[in-house]
Every structure is written in C-alpha cells, then in structure tokens.
Amino acid sequence: MDLQLIDQFAKNIIFEAGRRIRNAFTYDLVVETKSNANDLVTNIDRETELFFIEQIKSFDLTHKIIGEEGMGEKADSLEGVVWIIDPIDGTMNFVKQHRHFMISIGIFIDGVGKLGYIFDVMREDLFYAIEGVGAWYNDSPLRKLQPVKIEEAVIGINASWVAPNRRIHHEKVIDLVRTVRGTRSYGSAAMEIAFVVSGKLDAYVSMRLSPWDIAGGTIIAKEVGAIATNLRGESFDFLHQDTFIIANPYIHQELLEKYIVPHD
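Residue numbers for the sequence shown follow the working numbering, beginning at 13 and rising by one.
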C-alpha cells in the first residue's frame, strides 16, 4: 500500500473540498436538525460528503467510506482500507459564524490508523500525520508535546461538565476548573484535538463523540505523543460512539484519576 500516494490524493481532495465549502457561502444554506435542535446538518455537509465519496471511489473502488451523514458504507469492521470522514465538524459554527469548523479524515488499513487530517477550512490550515513518519502543521513539523503540570494546563471543556449530569462526577470537574490555568470551548471536536496535538491546548474532553469526530485527530495524536482514550482509559472504538479524552501525556492519567471520573 503506497501511503505517500494516498496521502497526496487525500490532501488534494481536502483542499478542493475546502474551496467548495468556502464558495458555498455565496448561496443559501439549507439547515436541518438531526437528533435534536442543536444537532444541525446542512446541504453543504451532505454535498461535501458526497464529493469525498465520489472522489475516493474513483481513486480506488475497494476503499470503504464511513461518513457522518451516512452516505458511505454501513461498515461493521475496519478491514481493508477505510476512510472515516466528517465533512464539516462544527456545523453550528459553520452556520452561525462561518468559521471555526473543520474537515476531519482518518484513513485506516486493517484497523490501524495510517493517515490523519484536520483541515481548518476558512484559515486553510492543515494538520496531518503519517503513521510512524511524523505530523505536520502545514509544512512545519509538529514536535513531541512538552511536559506540563495540571496547574499550568489549558483544557478544552464545555460548561455542561460542571452541571449535574449522568456521565461524570461534576464536583470533581469544578475542582479541575479551579485548578487549571484556563478552559476553552470552541464547538468543534476536531478543532480542539488539533489544538491539543499542536500544544495550543493541553487536553480536550467530551462526554460523547462519534468515530468521524476523532478518527483523523487520534492518528495525529500518536505522532506527537498525545494520549487519546475514552474516559475509562480504554482505546476508542472507531465503529461506535464513546466518551473521549485527548491529553498531553504528562497529565492524561492525572485527569482521569482525579478529575474526569465517570459514574459507576
């Protein structure tokens, strides 16, 4: 399998998809809801996913595609070459702000993440990695994450974590917010993961994410030393939803043991 060839192809279609999305702001968006009023999808989400499917199938018919909008295969395994795609991660930001949304793609071969991409569409910034080779921000190599103390950390977390909820002990999260240097919430899992792998954030946590939210980012994470698991410290299942944390390796375990504690 020629990873360099697939990598160049993936970059080409990501940049083209980004151009098409930016041009879409010149005509009306059609916005719909999915699971709830805050779970949005637009005609551009679907058109972009279809664009990726058409391009990938023209490149190699044997490649399988799992996409957020369900226009690819209903894959029940990661055998062969599988692309896991979120055409627009951060649709609320896309609709309301016209910024702070990402294209996220992970390419797996027989269950192993080989190529990962997170593309900031409006800034035209690309974070990407090739397994075992390294990770880059545009043309600049991303270095291994440096040591950080929890008191110096900036954490990606949203306000719902400090309210009573059925997933985690919110009192411990309140302690975390009081302990760390700061918190941020950007409204795009892929963006927050990109910030962790590039050192702009030191951790990001979510109560529930899908494979397409994180597939690209977890591949980049390995190349810079970030640790990505569910909140039980287990490897993420890329065929189902789960809780999620990605963190600087120097604080990952401390976050799970002291602050991000799931209910039994």
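Yeah, the Cβ is synthetic: ideal placement off N, Cα and C, and Gly gets one too. All figures in this text were calculated on a predicted structure; none of them were measured in a lab.
Kindly indicate which residue of the options has the alpha-carbon position closest to the one of residue i.
i: Gln67; options: Ile25, Leu127, Phe106 and Arg32; result: Ile25
i: Asn242; options: Glu80, Val43 and Leu267; result: Leu267
i: Val208; options: Arg190, Gly237, Ile180 and Val189; result: Gly237
i: Thr255; options: Glu235, His275 and Met219; result: Met219
i: Ala171; options: Leu157, Gln158 and Ile186; result: Ile186
Taking only three categories from DSSP, how would you classify residue i?
i: Val208; result: helix
i: Val273; result: coil
i: Pro159; result: coil
i: Leu138; result: strand
i: Phe63; result: helix
i: Leu188; result: helix
i: Leu221; result: strand
i: Asp101; result: strand
i: Val133; result: coil
Rounded to a whole number of angstroms, what is the C-alpha to C-alpha distance between residue i and residue j?
i: Gly168; j: Val94; result: 29 Å
i: Asn105; j: Gln20; result: 28 Å
i: Lys76; j: Val107; result: 29 Å
i: Gly125; j: Tyr216; result: 20 Å
i: Asp72; j: Gly79; result: 17 Å
i: Leu15; j: Ile142; result: 8 Å
i: Ile56; j: Ile231; result: 26 Å
i: Ala227; j: Arg111; result: 21 Å
i: Ala259; j: Gly92; result: 29 Å
i: Ile18; j: Lys184; result: 44 Å
i: Lys161; j: Ser152; result: 26 Å
i: Val174; j: Phe120; result: 35 Å
i: Val42; j: Thr54; result: 5 Å
Short of 7 Å in beta carbon distance, which residues of its chain neighbour residue i, apart from the five on each side in sequence? Order them along the chain.
i: Asn177; result: none
Residue i lies in the beta strand (DSSP E); which residues open and close that run?
i: Ile121; result: Met114 to Ile121
i: Ile169; result: Counting along the chain, Ile169 falls outside any beta strand (DSSP E), and DSSP gives it neither H nor E.
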